[in-house]
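First up is the structure itself, then whatever we jot down about it.
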Amino acid sequence: MSAFENKFDISASPKWYHHLFFWIAIIIIFITRATYEDTSHTFKTSFTYVLCHLTPIIPLSYLIAYIIIPKFYQKKKYWLTAILLLFIYYIASALGRIMIVHVGEPIVRIPPYYTESIQEILTDLPKLIFHYFPQIFTISLIFTFIKTFIEYNRVTQKSILLDKEKATAELSLLKAQLNPHFLFNTLNNIYMLSLDNSPKTPESIGKLSEILDHILYKCNRKYVSLSSEISLLENYIALEKLRYDDRLKVNFSKDIGYDIEIAPLILLSLVENAFKHGAGEDSGSPEITIDIVLKDNLFTFNIMNTIATTYESNHKGYLGLTNIRKQLDLIYSNSYNLNIIPQTNTFAVNLQITL
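Per this note's numbering, the sequence shown starts with residue 1, numbered consecutively.
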């Protein structure tokens with residue numbers, strides 16, 4: 001379909017029944033008005049005059065709404081638009097008068113009577129301008145306004161839907177980047193335990209099973225309960241502590257008076273980042289401190305991990321934090337604050353979300 005055909009496709013928007021309802025409403029209003037202004041008019045007389053009057057108005061309205069406005073006015077061809085509108089309104093006014101005089105009156109009136117010639121009608125500008133032009137202009141303007149409003153609403157809703165689908169797709173992509181990385185690390189931990197025939201292997205498999213259950217069946221939703229996310233963190237920490245034994249110290253505190261819903265996996269990503277770039281790169285006695293507080297609709301998550309090297313040489317952790325920030329942007333927009341606090345021997349992240 002060409003661009004011109006697409007602009008004149010009334011089936012695209014609004015729907016055909018919107019058009020039918022509009023013109024039926026106009027006919028009813030005009031018949032009621034004609035009967036009220038001249039009580040001698042029968043329904044047949046009013047109906048005939050209204051149809052004759054609307055015959056040029058209907059195609060004129062579509063011409064303006066679907067061709068003149070999109071093709072000229074919206075392209076800022078204002079002078080050409082004005083000239084075309086004046087010419088079209090003149091033609092429509094003349095056709096309306098011709099239809100009433102040469103079609104309508106012969107149907108509803110008994111001859112003999114005087115009939116204006118087409119030439120007289122075309123040259124009688126005062127009658128066309130002051131009697132026919134206002135009605136034609138008003139109806140076409142209302143039609144164009146309603147059509148534009150419905151089209152604008154449709155485009156707006158479509159834009160909102162596309163933005164939502166885009167955000168959902170981006171969020172799914174970000175989660176897909178995180179989950180395989182986490183699973184790889186965890187499976188590698190279990191593999192190392194199994195090589196040593198460690199009695200902790202069954203326990204680690206059980207913890208992994210609980211983690212996978214959470215990720216596969218609960219994290220498909222936009223939000224999950226905070227209590228389930230905390231359980232996920234506890235399972236993950238327990239799994240990692242199996243790997244590091246007693247040389248890793250984890251301080252995990254929480255002050256939560258009630259349960260809320262938050263975006264899934266973000267807290268896990270922060271914890272995973274601390275283990276990977278803290279304990280994973282520190283052969284000494286690494287330490288990780290996690291503090292969760294929920295008070296007055298303000299959720300605060302603090303995590304700090306010791307590092308064996310200075311911040312400048314440990315900037316690799318920023319990749320994971322970049323993905324986390326993207327997720328926060330998509331879900332919480334301007335309702336969150338993520339602060340990264342690098343120091344000589346520690347690396348801390350503070351996340352605050354206003355609920």
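Note that the Cβ used here is the ideal one computed from N, Cα and C, for glycine as well.
Compare the C-alpha of Thr115 against each of Pro106, Leu122, Gln327 and name the closest.
On the sequence shown, position 115 is the one that residue 115 refers to. Distances from the alpha-carbon of Thr115 to those of Pro106, Leu122, Gln327 put Pro106 closest.
If we require 4 or more residues per run, which alpha helix (DSSP H) segments fall completely within the stretch 318 to 344?
DSSP runs (the alpha helix (DSSP H)) wholly in the stretch 318 to 344: 318 to 332.
Span of the alpha helix (DSSP H) holding Val50?
On the sequence shown, position 50 is the one that residue 50 refers to. Start and end: 43 to 63.
With distances taken from CA atoms, which of Asn197, Leu208, Pro202, Pro199 is nearest Phe184?
Counted from its first residue, the sequence shown places residue 184 at position 184. Residue Leu208 holds the alpha-carbon nearest to the alpha-carbon of Phe184 among Asn197, Leu208, Pro202, Pro199.
C-alpha gap between Phe137 and Tyr332, whole angstroms
Counted from its first residue, the sequence shown places residue 137 at position 137. Counted from its first residue, the sequence shown places residue 332 at position 332. Cα to Cα, the separation comes out at about 48 Å.
Return no unless some Cβ of chain D is closer than 8 Å to the Cβ of Ser204.
Reference to chain D is not applicable here, since this structure consists of a single protein chain.
With 16 as the cutoff for other CB atoms within 10 Å, does Tyr191 come out buried or exposed?
Numbered from 1 along the sequence shown, position 191 holds the residue referred to as residue 191. Exposed: under 16 other Cβ atoms inside 10 Å.
Alpha carbon of Gln135 to alpha carbon of Ile160, nearest angstrom:
As a first step, residue 135 must be located in the sequence shown, where it is residue number 135. As a first step, residue 160 must be located in the sequence shown, where it is residue number 160. Approximately 37 Å between the Cα atoms of the pair.
By the 10 Å Cβ neighbour count, where 16 or more other Cβ atoms means buried, how is Thr306 classified, buried or exposed?
For the purposes of this step, residue 306 is identified with residue 306 of the sequence shown, where counting begins at 1. Result: buried.
For His214 and Leu233, which I take to be in contact (beta-carbon distance under 8 Å), what is that distance rounded to the nearest angstrom?
Translated into the one-based positions of the sequence shown, residue 214 becomes position 214. Translated into the one-based positions of the sequence shown, residue 233 becomes position 233. With a contact defined as Cβ atoms closer than 8 Å, His214 and Leu233 miss out at about 10 Å.
Which residue's Cα is closest to the Cα of Ala274: Gln343, Ser285, Val349, Lys295?
Residue numbering aside, residue 274 sits at position 274 when the sequence shown is read from its first letter. Ala274 has its Cα closest to that of Val349, out of Gln343, Ser285, Val349, Lys295.
Determine the burial state of Thr156: buried for a count of at least 16 other Cβ atoms within 10 Å of its Cβ, exposed for fewer.
Your numbering for residue 156 matches position 156 in the sequence shown. Its Cβ having fewer than 16 others within 10 Å, Thr156 is exposed.
State yes or no: is the C-beta of Ile211 within less than 8 Å of the C-beta of Asn188?
Here residue 211 is taken as the residue at index 211 of the sequence shown, counted from 1. Here residue 188 is taken as the residue at index 188 of the sequence shown, counted from 1. With a cutoff of 8 Å on beta-carbon distance, Ile211 and Asn188 are scored as not near each other.
Since Thr300 sits in a beta bridge, which residues does DSSP pair it with?
Reading the sequence shown from its first residue, position 300 is the one you call residue 300. In the DSSP output, where bridge partners are listed per residue, Thr300 has Val293, Gln352.
Please classify His131 as buried or exposed, where buried requires at least 16 neighbouring CB atoms within 10 angstroms.
Reading the sequence shown from its first residue, position 131 is the one you call residue 131. So His131 ends up on the exposed side.
Quick one: what does DSSP say Trp16 is sitting in, helix, strand or coil?
The sequence position of residue 16 within the sequence shown is 16, counting from 1. Three-state DSSP puts Trp16 in a helix.
Integer Cβ distance of Val293 from Ile262, believed to fall under 8 Å
Translated into the one-based positions of the sequence shown, residue 293 becomes position 293. Translated into the one-based positions of the sequence shown, residue 262 becomes position 262. Actually they are not in contact, since the Cβ atoms of Val293 and Ile262 sit about 13 Å apart, beyond 8 Å.
In this structure, does DSSP put Asn197 in helix, strand or coil?
Against the sequence shown, residue 197 aligns to sequence position 197. If DSSP states are grouped into helix, strand and coil, Asn197 belongs with coil.
Sorted by chain position, which residues of the same chain lie with C-beta nearer than 8 Å to Leu95's C-beta, five sequence neighbours on each side aside?
Start at 1 with the first residue of the sequence shown, and residue 95 comes out as number 95. Here the set comprises Thr55, Pro56.
Is Asn220 helix, strand or coil when you go by DSSP?
Position 220 of the sequence shown, counted from the start, is the residue given in the question as residue 220. Coil at Asn220, not helix or strand.
Between which two residues does the alpha helix (DSSP H) harbouring Val103 extend?
For the purposes of this step, residue 103 is identified with residue 103 of the sequence shown, where counting begins at 1. Taken as a continuous stretch (DSSP letters only), Val103 belongs to no alpha helix (DSSP H), as it is neither H nor E.
Collapsed DSSP secondary structure at Glu116 in the structure displayed
Walking along the sequence shown from the start, residue 116 turns up at place 116. The answer is coil: DSSP assigns Glu116 none of H, G, I, E or B.
Residue from Ser269, Lys44, Ser117 with nearest C-alpha to Tyr101
Within the sequence shown, residue 101 is the residue found at index 101, counting from 1. Looking at the sequence provided, one finds Val at residue 101 rather than Tyr. The residue with the shortest Cα to Cα distance from Val101 is Ser117.
Does the stretch 58 to 70 come close enough to the stretch 138 to 145 to have 3 or more Cβ pairs within less than 8 Å?
Yes, the stretch 58 to 70 is in contact with the stretch 138 to 145.
Counting pairs of Cβ atoms below 8 Å between the stretch 192 to 203 and the stretch 236 to 245, do you hit three or more?
The stretch 192 to 203 makes contact with the stretch 236 to 245; the number of CB pairs closer than 8 Å reaches 3 or more.
Give the DSSP-derived three-state secondary structure of Asp255 in the structure shown.
The residue given as residue 255 occupies position 255 in the sequence shown. DSSP, read as helix, strand or coil, puts Asp255 in strand.
From Thr354 to Tyr89, what does the alpha carbon distance come to, in whole angstroms?
Position 354 of the sequence shown, counting from 1, holds the residue named residue 354. Position 89 of the sequence shown, counting from 1, holds the residue named residue 89. Each residue's CA atom was taken as its position, placing Thr354 and Tyr89 some 58 Å apart.
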